[in-house]
Structure formats: C-alpha cells, structure tokens
C-alpha cells in the first residue's frame with residue numbers, strides 16, 4: 018500500500034505595462050509518496066525507493082505571457098527538484114540521485130488579421146539534457162550506459178534537449 022499526499026498552488030495575475038498586458042502564472046507542486054505496507058517476498062528496498070523517490074518532490078513553473086498589439090511573447094521558467102534512479106533495480110548497486118534542474122521555454126507569436134497567426138518557439142531553449150549517469154556499480158562498471166541509459170530513465174523533462182517549433186494557424 019502507498020500513500021501519496023501533497024499540495025498544488027496556482028497563482029495568476031496580470032500587469033498592464035510596456036504598451037500591453039502580461040499574464041503572470043506561478044504553479045507550484047509538492048508531492049510525497051510513501052510505501053506503508055508491502056510483502057517483503059515480492060518487493061525489496063530498491064523497488065520501494067523507486068516508488069518513493071523517482072519523481073521530484075517539488076516542481077514549479079513561472080510564466081509571463083505578454084501581449085502588445087498583434088504580438089505575443091511567452092517566457093517560462095520551470096524547476097524540477099532532485100530525483101532518484103536505479104538502473105538495474107538495485108541488483109548490482111547502480112543508483113544515483115540526479116540534481117535539481119531549471120528549464121526555459123520561449124515563444125513569439127504574430128497575429129495576422131482576425132483569423133490567423135504565425136508562431137516560433139522553443140522548449141528547453143538552453144538545451145539542458147540533464148545530468149549524465151556516471152555512477153559505477155559494485156561490479157566496477159557503469160551499467161546504466163551499457164544498457165543505453167546515458168541519462169536518467171526517470172528524467173521529468175526528457176533527455177532530448179531543446180525542441181524548436183514553428184506554427185501557422187488559421188481559425189475558420
């Protein structure tokens with residue numbers, strides 16, 4: 018049996034400045050999962066630690082979405098607290114606690130008349146892939162990279178780095 022408890026807080030407001038309006042949003046999440054009851058014949062300490070610690074306990078993001086005339090600019094800063102990974106379920110002792118990380122997303126949109134717009138943007142524009150798996154197991158090698166896991170398999174934001182995109186939208 019597990020027990021997950023936490024809190025979600027969302028705060029939104031706006032500011033009129035720089036010739037337009039900025040919508041500000043702060044979303045904060047803190048969760049904790051605890052394994053309270055288990056059968057030791059079917060689940061061991063390594064799996065319990067995976068259940069309890071593979072997702073960051075704290076996550077938040079702050080975004081500013083500014084509109085002036087036909088332009089809209091979005092900037093978002095996201096934070097992910099540290100998390101745990103065990104690459105072979107603690108069989109050979111390869112486990113790691115991965116550092117907290119920050120990501121930045123940006124978007125610029127231009128409205129063309131009343132029905133269409135063009136947009137360019139990027140998620141994780143600083144190209145953060147996260148911390149590499151470097152821990153050596155008790156057999157003397159890094160089984161994470163041998164298994165193809167250069168980065169944590171539980172990374173809360175993926176391992177592909179920056180993602181750039183463009184969009185044309187027409188509303189009928």
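In this note's numbering, the protein residues as written are 18 to 189. Cβ atoms here follow ideal geometry from the backbone N, Cα and C, with glycine treated the same way.
Worksheet item: Hey, residue 32 and residue 39 are a contact pair by Cβ (cut 8 Å); roughly how many whole angstroms apart?
Response: 5 Å
Practice prompt. Using three-state DSSP, classify residue 65 as helix, strand or coil.
Written response: helix
Worksheet item: Going along the chain, which residues of its own chain have a beta-carbon closer than 7 Å to the beta-carbon of residue 168, five neighbours each way excluded?
Response: 146, 147, 149, 150, 176
Discussion item. My assumption, with CB atoms under 8 Å, is that residue 140 sits in contact with residue 180. Please give the rounded CB distance.
Written reply: 4 Å
Practice prompt. Find out if the Cβ-Cβ distance for the pair residue 85, residue 36 is shorter than 9 Å.
Written response: yes
Worksheet entry | residue 47 vs residue 76 beta-carbon contact at 9 Å | yes
Worksheet item: So is residue 190 buried or exposed if we call it buried at 16+ other beta carbons inside 10 Å?
Response: Residue 190 cannot be examined here, being either before or after the span of the chain that is shown, 18 to 189.
Worksheet item: Apart from the five residues on each side of it in sequence, which residues of its chain come closer than 6 Å, Cβ to Cβ, to residue 28?
Response: 43
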